[in-house]
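Residue 36 is where the sequence shown starts when you use our numbering, and the numbers rise one by one after that. For every residue, glycine included, the Cβ atom is placed at its ideal position computed from N, Cα and C. Here the structure is laid out as C-alpha cells; the discussion comes afterwards.
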Amino acid sequence: DGFNTRAVAAGKAYFGSATDNGELSDAPYLAGLSNTADFGQITPGNAMKWDAIEPSRGTFTYTNGDAIVSLAEKNGQKVRCHTLVWYSQLPNWVKSGGFDNATLISIMKNHITNEVTHYKGKCFHWDVVNEALNEDGTYRSNVFYDTIGPAYIPIAFATAAAADPAAKLFYNDYNIESAGAKSTGAQNIVKLVKQYGAKIDGVGMQAHFIVGSTPSQAAQTTNMNAFVALGVEVAITELDIRTTTPATAAAVTQQAKDYAATVGACKAVTKCTGFTIWDYTDKYSWIPSVFSGQGAALPWDANLKKKDEVYNAILSAWGPA
Ligand code: G3I
C-alpha cells in the first residue's frame with residue numbers, strides 16, 4: 036500500500052515524484068524512489084531541460100536524461116518528460132537571442148524534434164511549454180515570445196506531436212491552480228493551440244503551495260473543471276507545500292490538510308489523470324535554496340523519514356486501496 040497504489044485504485048494513471056541525477060547515488064533515497072507502491076512515475080527535475088540536452092547549438096547530450104529513463108524502465112515506472120521550451124535553464128546561445136523569426140523557429144523545432152525523437156516511446160507525458168505566462172495572464176517576455184510572438188507555443192506543440200504522436204502533450208505552469216487571470220491565460224493557451232490545429236492533451240498544475248494558503252479543495256476542483264471543459268486533461272505536476280522552518284506541529288497539521296485538499300480535488304475530477312510531488316524528501320527539495328527560511332515542504336523529512344501525519348492524510352484523501 037502506498038501513494039501510487041491508492042491513486043491507481045482511485046482511477047488515476049499514477050502517483051509520482053520528481054528526482055535528479057545527483058540524488059541517485061544516495062542508496063536509501065533511491066530505494067524510496069523506486070518503491071512503486073508509492074511512486075509509479077518519475078519526472079526528471081533537470082536532466083531534460085534545454086541547457087542539459089543541447090548546451091551548444093546542434094550538440095545533444097542525453098546521458099542524464101537516459102539515466103532517469105533507464106531507472107524508470109528498471110522499476111516499471113512511467114516517465115513525465117520535462118521540459119522542451121522554457122525561458123529558464125536555457126543555454127546562453129539561445130537566451131542571448133539575436134536570431135530572426137525564421138531562424139529561432141528552426142532552432143526550436145530542431146531542439147524539440149531531436150529530443151522528442153530520442154525519447155520516442157519512453158515519455159508518457161511531455162511538458163512541451165513551461166511557464167509562458169505572467170501573473171496577470173499575459174504572455175511572459177522571453178526570447179521565444181519576443182522573437183516569434185505567441186505562435187511559438189502552437190508551433191512547439193505541433194513539432195512535438197509530429198515527433199512522438201503517442202506522447203501526451205502538456206502546457207505546465209504555476210499559480211493556475213485556482214480561478215484567476217493566470218488560470219484564464221492558461222485556458223487561452225489551450226484554445227490557441229487548438230485554433231492553430233495542433234494537439235494539446237493536458238495542462239499541468241505545478242502546485243507549489245504554501246502551508247495555510249493553499250487553495251481550497253472546492254476552488255481547485257472548479258478550476259480543474261474549467262480546463263476539462265476545453266477538452267484537455269489536467270495533472271498535478273510539481274506539488275510541494277512549504278512552511279517556515281523548522282516546521283511547528285501546528286504547521287504540519289495544516290500541511291496534512293493542504294495536501295489532502297489537492298489530492299481530494301484531483302480525485303474528484305475524472306480527467307485529473309495523475310499526480311507528482313516535486314521530489315519526495317526535504318533532503319532534496321529546491322525550496323530552501325530559493326526561499327530562505329522556508330522548506331519542510333514534502334511528505335518525507337530531510338532524514339528520509341515519513342511524516343506520518345502528512346503521509347496518512349494523503350492516503351486517506353485517495354480513499355481505500
Ligand atoms: O548543474 C549546476 C552545477 O554544475 C553547479 O555546480 C551548481 C551550483 O549552483 O548548480 C547546478 O545547477 C543547478 C540545477 O538546479 C541542477 O542542480 C542550478 O543552480 C539550480 O538553479 C537548479 O534548480 C532547479 C530549478 O528548477 C531551476 O529553475 C531545481 O533543481 C528544479 O527543481 C527546479 O524545477 C522547477 C521546474 O523545472 C519548473 N517549475 C518550478 C520548479 C522549481 O523551481
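- Under the DSSP assignment, residue 268 falls outside any alpha helix (DSSP H), being part of the beta strand (DSSP E) whose first and last residues are 268-279.
- Residue 131 places its beta carbon less than 9 Å from that of residue 178.
- DSSP lists 160 as the beta-bridge partner residues of residue 115.
- Here the alpha carbon of residue 301 sits roughly 43 Å from the alpha carbon of residue 133.
- Exclusion of residue 181 from the 8 Å shell around ligand 1 follows from its C-beta lying no nearer than that to any non-hydrogen atom of the ligand.
- Three or more Cβ pairs drawn from the region 234-254 and the region 275-290 lie within less than 8 Å of each other, which places the two stretches in contact.
- When DSSP assignments are scanned along the region 137-203, the uninterrupted stretches of beta strand (DSSP E) that are 3 or more residues long and fall wholly within it turn out to be 160-165.
- Taking C-alpha positions only, residue 219 is separated from residue 86 by approximately 30 Å.
- In the DSSP assignment, residue 355 is bridged to no other residue.
- Non-local C-beta neighbours of residue 280 in its own chain, meaning closer than 6 Å and more than five positions away in sequence, comprise 330, 331, ordered along the chain.
- Going by DSSP, residue 238 is part of the beta strand (DSSP E) stretching over 237-240.
- Assignment of residue 50 by DSSP, reduced to helix, strand and coil, places it in the strand class.
- Residue 227 and residue 211 have their C-alpha atoms roughly 17 Å apart.
- When DSSP assignments are scanned along the region 44-109, the uninterrupted stretches of beta strand (DSSP E) that are 3 or more residues long and fall wholly within it turn out to be 49-54, 76-79.
- A Cβ-Cβ contact shorter than 9 Å links residue 187 with residue 139.
- In the DSSP annotation of this structure, the continuous segment of the alpha helix (DSSP H) that includes residue 262 starts and ends at 252-263.
- Distance from the CA atom of residue 354 to the CA atom of residue 70, rounded to whole angstroms, is 20 Å.
- Assignment of beta-bridge partners to residue 326 by DSSP yields no partner.
- For residue 245, there is no enclosing alpha helix (DSSP H); the residue is part of the beta strand (DSSP E) that begins and ends at 243-245.
- Short of 6 Å from the beta carbon of residue 180, and not among the five residues preceding or following it, lie these beta carbons of its own chain, in chain order: 174.
- A distance criterion of 8 Å places the beta-carbon of residue 64 beyond contact range of ligand 1, judged by its closest non-hydrogen atom.
- Take residue 299, set aside five residues on each side of it, and the residues of its chain with a beta-carbon closer than 7 Å to its own are 252, 352, in chain order.
- The Cβ atoms of residue 77 and residue 53 lie closer than 9 Å to each other.
- One alpha carbon belongs to residue 237, the other to residue 159, and they sit about 12 Å apart.
- The Cβ atoms of residue 356 and residue 41 lie closer than 9 Å to each other.
- Remark: the C-beta of residue 273 is in contact range of ligand 1, defined as less than 8 Å to any heavy atom.
- Residue nearest to residue 335 within the set 317, 51, 324, 176 is 317 (criterion: CA-CA distance).
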